[in-house]
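Report on one structure; see the data block that follows.
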Amino acid sequence: MILAQNLLVLAIVLGAAWAARYAARERNWRESARELWRRRPVAIAVVAVYVVIGLLDTVAWVGGGTPEDPMAAYVPRTVIDRLLRPEARREASYSAPFADTAFYGGAPLKHPGSHWLGTDILGRDVVYRMVKGVRVALLVGGLTSLVAIPLALLFGVTAGYFGRRIDDAVFFTMTVLSSVPSLLLLIALIMVLGKGPVQVCIALGVTGWVHFCRIARGEALKLREMDYVAAARVLGVSDFRIITRHILPNMAHLVIITFALSFTGMVLTETTLSYLGIGLDGSWGQMIDQARNELSRTPIIWWNIAAAAIALFALVLAVNLIADGLRDVIDPRTRKERT
Amino acid sequence: MLRRLVQIAVLAAALAAAGCTNDPYPAADKGRKVLYSSFGEVPKTLDPAVSYTTSEHVITGNVYDTLLEYHYLERPFKLVPGLAEAVPEPEALPDGGQRYRFRIRRGVRFHEDPCFDRARPGQRTREVTAQDFAFQFARLADPAINSPVASSFVQLKGFQDFAKRLAELRRADAAFARLPAQEQYAKAGGIAGVATPTARDLEIVLSEPNAQILYWFAMAFTTPVPWEAVAYYDGREGRANFADQAVGTGPFRLAVYDKQLRYVLERNPGWYGLNPDAADAPGAVFPTAIDAADVAAKRIDPAYAGRRMPFLDRVNFTREREGIPRFNKFLQGYYDDGGIIKESFDAIMQGDRLSPAMAARGMRLDREVEPTIYYIGFNMNDPVLGTKGGEGSRKLRQAMSLAVSTETFLQLFLNGRGVPAQSPLPPGLFGYDARYRNPFRQPDMAKARALLAEAGYANGIDPATRAPLRLTFDIGNTSAQSLLETEFLVSAWRSLGLNVEIAATTYNQFQDKVRRGAYQIFRWGWVADYPDPENFLFLLECSNAQAKSNGPNTANFCNEGFDSRYKAMKDIPNSETRARLVKEMLAITETERPWIELFHVEDFTLSHAWLVNSKPMGLSYPAYKYRDVDPAMRERLIAQWNEPVRWPLALLIIGVIALVVPAVRTYYRERT
Amino acid sequence: MAAYLIRRLAYGAVTVLGVLLLLFVLFFAVTNPDDIARKAVGERARPEVYAQWKTNHGYDKPLFLNRAYGSGEARHYTDTLFFEHYRSMLTFDFGRSDADDTPIADRLLRGAGPSLSLTVPLFILNLAVAVGVGLFVAFFRETLLDRVVLVLCILTMSVATLLYIIAGQFLVGMLLKWFPISGYAGDSSVIWRFLALPILVGVVAGFGSDVRLYRTIFIEEMNRDYVRTARAKGAGDARVMVAHVLRNALIPIITNVVIAIPFLFTGSLLLESFFGIPGLGAMTVEAIQGNDFSTLRTMVYLGALLFILGQILTDVCYAVADPRVRLA
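Residue numbers (my numbering), protein chains in the order written: chain A, 161 to 499; chain B, 269 to 940; chain C, 5 to 332.
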């Protein structure tokens, strides 16, 4: 399990490196990337930080138990766990940001001043919980999409390219799945499959898959009719080669934009699922759901909900801004309009 | 341009502020004697044979009268006559059984209802007879009705025979199964132990003595039910189901029942308590023996002593799914009573009493420890934690019990509103000893570690795997709150070195695990049916084990010493022998630790100054016939409390203007 | 045209059958009717009660083919869960709720009113605000105003709906005390007090994505030649926007509107449940929390059905409004 996790991180890093090298060779991509960086430096930096945290929170190993956290010798701890040491810095209950004393009762804290965003009802450091939410959010938005996209591309492109029976079957499946309102489909899937990270990701993947597939199919249909594809076919180039060489590369920008949009959609949807009690453990949605009642406390406890809301907001905003910038950079229509 | 914008904004705000009010009720009800309350959980059924939750008893307890009632003011609880003329004394029968004779009051009539018209045209209501009680007993026994308390009446002579006969007749004869219920019961011969010598006499015969049976006559399960209503409300041809209908004899009738949204109880003009000859009926007159403490607390107004009830015209219940909006509306004055939410506890309370700000509002606080027990249970059939593990497992359970601090749990999650439990018995019950301290319920990590080492798990390490002992805490609730609470409980064991995992699943999945016996540690609670220790100790009796009989003993605790004493104490009246037996049973649970007893809930109820005569009644149903409101005072205070706070609006408007104005100005500059 | 309509309807019908198949797989094959029954009657119920409940709710039948046919026990080979599921859904005979035995049709009828009273005004207001602001911003495009609104859109889009509701209740309900924090009344004299706050929150929550959508539509329209021609002919700014741009953008607007209309009936899950409005959205949330599979199944089916109808309607509208659309 831990091994698989760590290998996954390695795979993602290697995959990203390969994609970057591949993109760097193409002039078009290189310029687009440069343009995007020029337009949205902060947003890209923010997303990069989130991704790094998410990866660091996935790399885990067993060992190095301390008196405060003897379990580490037997249960894997991630890099983030080891850096932030939540077990060692635990308090009895609520404390305000940077406080030296407990929020209720005013007893001195065990670790005064070290909780930048205070602690929650169980005395857990809020910064730690917020940071732990990063991985869950990336899992919800990113990993789900990473699994759904290749599948969607496979089905969408083959359907669009070959047409006929394959297209009929794929298109029918898509119509059926997409005619169920996505939130209801999600809920039904989770209710039926049961609660749990794998189930939630499967449900999100199924609903997201349809969206991708529809776009891929439409684009493949269009590209199939292009002159250069027809020419390649006349020259006797195999279908597989046409798809990998001519169709897929021309769909890349669409995939990226759709990915960004569905990413934010999924992360925001997860908060709704958390409210319904079927979200993921440790997500920001769950933090918000746990903390929303604390706003009614007197004196008010705001740091829990604020931390989760801001972390969520920053990620979604950054991705939204990048998606917006990407559209301007890649989409030729808007590019014309801008200049 | 700028000036105009500001003008428009100010005008709009002023208009909005003038027309807006947060009053949720129509103006027509102002000044009437209406009590406003709220409910969270939607009642599932109002059938008095089935309804078993507090949310349902709020209705059934006021719409249905019972033969006996609990005295409203006296504590410990005492039974007084309701529909019966007197509380019966048991008569011993030669065969070892017992008989109770009830004489029903004169002039008790059902609520006016169309169902009586169908039975006899033109009839709006009719007088209650002993047969209506017998009919309800037959319904309790009827397997098709599936009453949750049927097992409590098995000592009633012929109760189970009747159920069996009924089931057999139905199976054998399809035509019989289609007959109306009252005809089926008549053909099946009725229950032998329920006799109706005259229309006003009801005799109950038990096959063996049972000291607790009278309590059941103070619950709506044994209320008179008209067969006409059961026959009429069958859910066909646009008629409601009997489960959504309440035709009783009580002081209130159910006037509106839109169960997702609201329900209204309305004064019943035909109530027996209003009859001239009911002036001495304990159930119809406000008690005269008023405790000085209740008066001092302004809980009870002595001026009501001896007055005929009820005082209210209506009781209006509004659905509130979430605690916080409900509490805020209570603070705004739109609900007359309500519990304290934990978020506002520190603003409402100061130490043991109301904060000065709240006391100045005239608010009143009533506290009562409810006859409940919340506990963590171990599955005693589990090889690691259970009986099979012998001494080692016992010490493991003892160590785990020593690690859990109920005090902290109560402080964190319930603002200390509870009594740390020492044994399964809550305060106020026979056999409860306030001085008793369970040695394994006083948190002591050092002692816990020592016991853990003796159990063979030094520092939590399982010698078989050389890793921390892995245990699973199963919960059937995925809410954020329950997860937090479980996390707290588990963290204590984790610091002992035990690797306890939380398996939070949906209720369905959890039930499935319980059925398969695939659980180790669970959390559960129990609320008493009646104030007797037997009603708690049976949760640990072997024949009630989940694995054996699908019973409520989810811990599967089976101990011969416990069971033999349980049998001996079960049906005898309170005495020294009984006290000794209970004490011995508690000593067994103390060392055996099938449960880690957590706490008994203490209920905090707030009421506004205009609501009088509301006294908490833990066990019995909330009786609205005793309560009264002062609508004029309510209207005055509500107006005073609902002055809007306007500065955030001003801030918002300034923010919007600050955003829009420069944008518009730049636009004009850029254009020209 | 008629042929097109028939073909479109036929495809819609086949899609409905497909949705029902999906629901069957999810609710009967993946979940077990036994689990549902056990939850409903309680763990400790006697076996005959349990069996009775399953019979009452039609869960006692075999999955696909009734092999008992011929032995006198079954009505037909097709007396099974599979065919019963199709029959009941297609004839709108939804049966009883798994949680509290009330007829689902009753609850649907009772919930539709509150849902519509929330979603219809919310929808209209949302559309008016989004089209209005979208048009306004498109008109002022490439100015600071446009950029401010665009940034505002992205900002508001990035906030979870849950947070809007929490903030709205706190600000308007708790501090300003303009409206009740939550609740609902059948009484028409007070109903608007309860609806004002959820509608306000709904408009703010939907603002970002809608305004951005309509802005794009309008700008695309404004870049067309006829707009330039109209301007060149000296038509006033406002006239061009309303008479030309808005009119020609109607088709994409209608598409969005028609697709959204079915969702008016299914209500808004979050708003209804937070504000205590007893509509269909709140009913769905309760079904989720109460493991009420039959109600959930019905809601998913109805949602899909309405969506399919909406799409057919859109396609037909397209075909009628735009002769260029091939009736193929």
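Ideal Cβ positions, reconstructed from N, Cα and C, are used throughout, including at glycine.
Near-chain A residues of the region 299-327 of chain C (beta-carbon distance less than 7 Å), N- to C-terminal order: Here the close residues are L300, M303, V304, G307, A308, F311, I312.
Sequence-distant residues of its chain with Cβ nearer than 7 Å to L766(B) (five each side left out): For the purposes of this step, residue 766(B) is identified with residue 498 of the second sequence, where counting begins at 1. Answer for L766(B): G728, P736, L737, L739, listed in chain order.
Contiguous beta strand (DSSP E) assignments of at least 3 residues, all confined to the region 728-772 of chain B: Segments of the beta strand (DSSP E) lying fully in the region 728-772 of chain B: 738-743, 767-772.
Bounding residues of the alpha helix (DSSP H) (the contiguous stretch that carries D634(B)): Stepping through the second sequence from its first residue, residue 634(B) is reached at position 366. Where D634(B) is concerned, there is no enclosing alpha helix (DSSP H), although the beta strand (DSSP E) it sits in stretches over 632-637.
Sequence-distant residues of its chain with Cβ nearer than 7 Å to F31(C) (five each side left out): Here residue 31(C) refers to the residue found at position 27 when the third sequence is read from its first residue. Apart from sequence neighbours up to five positions away, the residues of its chain that approach F31(C) with a beta-carbon distance below 7 Å are F297, R301, ordered along the chain.
Residues of its chain near R846(B), where Cβ-Cβ distance is below 6 Å and the 5 sequence neighbours each way are ignored: Translated into positions along the second sequence, residue 846(B) becomes position 578. Closer than 6 Å at the Cβ level, and outside the excluded window around R846(B), lie M837, I840.
Limits of the unbroken alpha helix (DSSP H) element including Y293(B): On the second sequence, position 25 is the one that residue 293(B) refers to. That residue, Y293(B), is in no alpha helix (DSSP H); it is neither H nor E in DSSP.
Validate contact between the region 323-341 of chain A and the region 404-415 of chain A using beta carbons, cut 8 Å, 3 pairs: The region 323-341 of chain A is not in contact with the region 404-415 of chain A.
In chain order, each alpha helix (DSSP H) run of at least 4 residues that lies wholly inside the region 268-350 of chain A: As far as the region 268-350 of chain A is concerned, its whole alpha helix (DSSP H) runs of at least 4 residues are 286-298, 304-322, 324-339.
Any chain B beta carbon closer than 8 Å to P230(A): As a position in the first sequence, residue 230(A) is number 70, starting the count at 1. So, interface residue.
Cβ neighbours of L422(A) in the same chain (closer than 7 Å, five flanking residues each side left out): Your numbering for residue 422(A) matches position 262 in the first sequence. A small correction: the amino acid at residue 422(A) is Ser; Leu does not occupy that position in the sequence shown. Here the set comprises S305, G368, H371.
Alpha-carbon to alpha-carbon, A142(C) and S192(A): In the first sequence, the residue the question calls residue 192(A) occupies position 32. In the third sequence, the residue the question calls residue 142(C) occupies position 138. CA-CA distance, S192(A) to A142(C), rounds to 26 Å.
S811(B) versus N295(C) - alpha carbon distance: By one-based count along the second sequence, residue 811(B) stands at place 543. By one-based count along the third sequence, residue 295(C) stands at place 291. Rounded to the nearest angstrom, the two C-alpha atoms are 30 Å apart.
D399(A) vs V294(A) beta-carbon contact at 8 Å: Translated into the one-based positions of the first sequence, residue 399(A) becomes position 239. Translated into the one-based positions of the first sequence, residue 294(A) becomes position 134. Not in contact: D399(A) and V294(A) (Cβ atoms no closer than 8 Å).
Status (buried if at least 16 other CB within 10 Å, exposed otherwise) for S193(C): For the purposes of this step, residue 193(C) is identified with residue 189 of the third sequence, where counting begins at 1. Burial is judged here by how many other beta carbons sit within 10 angstroms of a residue's own beta carbon; S193(C) has fewer than 16 and is exposed.
Cβ shell of F28(C) (< 7 Å), same chain only, five flanking positions each side left out: Residue numbering aside, residue 28(C) sits at position 24 when the third sequence is read from its first letter. Same-chain partners within the cutoff: F86, H89.
Interface flag, L343(A) vs chain C, CB-CB below 8 Å: The residue you call residue 343(A) lines up with position 183 of the first sequence. Answer yes: the Cβ-Cβ gap between L343(A) and chain C drops below 8 Å somewhere.
Beta-carbon neighbours of S277(C), restricted to chain B and to distances below 8 Å: Residue mapping note: residue 277(C) aligns to position 273 of the third sequence, counting from 1. For S277(C), the C-beta contacts it makes with chain B under 8 Å involve R589, in order along the chain.
Beta-carbon proximity check, R587(B) vs V493(B), cutoff 8 Å: As a first step, residue 587(B) must be located in the second sequence, where it is residue number 319. As a first step, residue 493(B) must be located in the second sequence, where it is residue number 225. Cβ atoms of R587(B) and V493(B): not closer than 8 Å.
Cα-Cα separation between T123(C) and L268(C), rounded to whole angstroms: Here residue 123(C) refers to the residue found at position 119 of the third sequence. Here residue 268(C) refers to the residue found at position 264 of the third sequence. Taking the straight line joining both Cα atoms gives about 5 Å.
Where Q391(B) falls: helix, strand or coil (DSSP): As a first step, residue 391(B) must be located in the second sequence, where it is residue number 123. The answer is coil: DSSP assigns Q391(B) none of H, G, I, E or B.
For F331(A) and A376(A), the rounded distance between their alpha carbons: For the purposes of this step, residue 376(A) is taken as the residue at position 216 of the first sequence. For the purposes of this step, residue 331(A) is taken as the residue at position 171 of the first sequence. About 11 Å.
As assigned by DSSP and simplified to three states, the class of T868(B): For the purposes of this step, residue 868(B) is taken as residue 600 along the second sequence, with counting starting at 1. Reading off the sequence shown, one finds His at residue 868(B), where the question assumed Thr. Judged by DSSP in its simplified three-state form, H868(B) adopts strand.
Selection of the region 596-615 of chain B by Cβ proximity to chain A, strictly under 9 Å: Residues are counted here when their Cβ sits less than 9 Å from a Cβ of chain A; for the region 596-615 of chain B these are N596, I609, K610, E611, S612, F613, D614, A615, given in chain order.
Sheet register partners of V897(B) (DSSP bridge): If you number the second sequence from 1, residue 897(B) lands on position 629. Looking at the DSSP assignment, V897(B) forms a beta bridge with L879(B).
Residue-level contact to chain A via CB, L139(C), 8 Å cutoff: Taking the third sequence and counting its residues from 1, one reaches residue 139(C) at position 135. Between L139(C) and chain A, the shortest Cβ-Cβ separation is not below 8 Å.
Closer than 7 Å at the beta carbon, the chain B residues around G136(C): Position 132 of the third sequence, counting from 1, holds the residue named residue 136(C). Under a criterion of Cβ atoms nearer than 7 Å, no residue of chain B is adjacent to G136(C); the nearest Cβ is some 14 Å distant.
Beta-carbon spacing of A823(B), N683(B) below 8 Å: Numbered from 1 along the second sequence, position 555 holds the residue referred to as residue 823(B). Numbered from 1 along the second sequence, position 415 holds the residue referred to as residue 683(B). If you check the CB distance, A823(B) and N683(B) do not come in under 8 Å.
Reference T259(C), options L309(C), V231(C), T318(C), V304(C), closest by Cα: Position 255 of the third sequence, counted from the first residue, corresponds to residue 259(C). The closest CA to that of T259(C), considering only L309(C), V231(C), T318(C), V304(C), is found on T318(C).
C-alpha gap between I644(B) and L311(A), whole angstroms: Translated into positions along the second sequence, residue 644(B) becomes position 376. Translated into positions along the first sequence, residue 311(A) becomes position 151. In this structure, the straight-line span from the alpha carbon of I644(B) to that of L311(A) is close to 46 Å.
Rounded distance between the beta-carbons of Y254(A) and D280(A), thought under 8 Å: Position 120 of the first sequence, counted from the start, is the residue given in the question as residue 280(A). Position 94 of the first sequence, counted from the start, is the residue given in the question as residue 254(A). With 8 Å as the limit, D280(A) and Y254(A) qualify as a contact, their Cβ atoms being about 7 Å apart.
Spatial neighbours of R433(B) in its chain, beta-carbon cut-off 6 Å, leaving aside the 5 residues before and after: Locating residue 433(B) in the second sequence gives position 165, where the first residue counts as 1. Closer than 6 Å at the Cβ level, and outside the excluded window around R433(B), lie A456.
As assigned by DSSP and simplified to three states, the class of A164(A): Translated into the one-based positions of the first sequence, residue 164(A) becomes position 4. Secondary structure at A164(A): helix, using DSSP grouped into helix, strand and coil.
Nearest-angstrom Cα separation, counted from E146(C) out to H248(C): What you label residue 248(C) is simply residue 244 of the third sequence in a count that begins at 1. What you label residue 146(C) is simply residue 142 of the third sequence in a count that begins at 1. Cα-Cα distance, rounded: 20 Å.
Minimum Cβ-Cβ distance from L680(B) to chain A less than 8 Å: Position 412 of the second sequence, counted from the start, is the residue given in the question as residue 680(B). Residue-level contact check: L680(B) touches chain A, since one or more beta carbons of chain A fall below 8 Å from its beta carbon.
Proximal residues of chain B, C-beta to C-beta of V262(C) below 7 Å: Translated into the one-based positions of the third sequence, residue 262(C) becomes position 258. Listed along chain B is no residue with a C-beta nearer than 7 Å to that of V262(C); the closest approach is about 30 Å.
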